[in-house]
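The structure appears right after this line, and notes come after that.
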Amino acid sequence: MRKLLLTGKRISLRTPSHDDLPILYNLIYGVENPEWKKYDAPYYPLEFCTFEKFSKRTEERMNVTDVPSQIIMEYQGQIIGMVSYYWEDKRTRWLEIGIVIYSSEYWNGGFGTEALSLWIDYLFENLTIERVGLTT
């Protein structure tokens, strides 16, 4: 696994570790109908999955050797969200990025702006990209 750490003024972006899995699972599935889901691809329902299935899927994403598709966003050592990317069309080098901040106490504070700036800079430095889109 390629370890990644990007550091901004307040936010750090890093690859998840095995120890992060219970925290991430609780942030995503710990509350029924979480507030963050209203803004994160709300047209797709959040489908519950077991911790075992979540861990397996997340560890598969963690074991990439090139540019990770999903990384953790931390503020003062606490996981507050994630940023991600996927290829909309690799042939035309069209990349889509995503962001989620799980707790509303971190919304509207500039954390997402800082995280996306770090993430986009990293992606342009490490991938051949023609277009980046952001869809909610």
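By our numbering, the letter at position 62 of the sequence shown is numbered 126, and the numbering carries on one by one without gaps.
Beta carbons are placed, not taken as given, at the ideal position from N, Cα and C, and that holds for glycine.
S76 and V196 have their alpha carbons spaced roughly 21 Å apart. A Cβ-Cβ distance of about 13 Å is found for the pair I143 and W100, leaving them out of contact under the 8 Å criterion.
From the listed residues Y108, G162, P98, the smallest Cα separation to T199 is found for G162.
With a cutoff of 8 Å on beta-carbon distance, G72 and L182 are scored as near each other. About 5 Å separates the beta carbon of T79 from that of L68, a gap short enough to meet the 8 Å contact definition. About 6 Å separates the beta carbons of M137 and V147, which is inside the 8 Å limit, making them a contact pair. Within the model, the alpha-carbon separation for T156 versus Y149 is close to 15 Å.
Every unbroken stretch of the beta strand (DSSP E) spanning 3 or more residues and falling wholly within the region 134-172 is given here in chain order: 134-139, 142-153, 158-165. Here S119 carries a helix assignment [DSSP, helix/strand/coil]. Note: G197 is bridge-paired with E160 in the DSSP secondary-structure output. In this structure, the beta-carbon distance from S133 to R125 falls below 8 Å. L69 is bridged by DSSP to R78.
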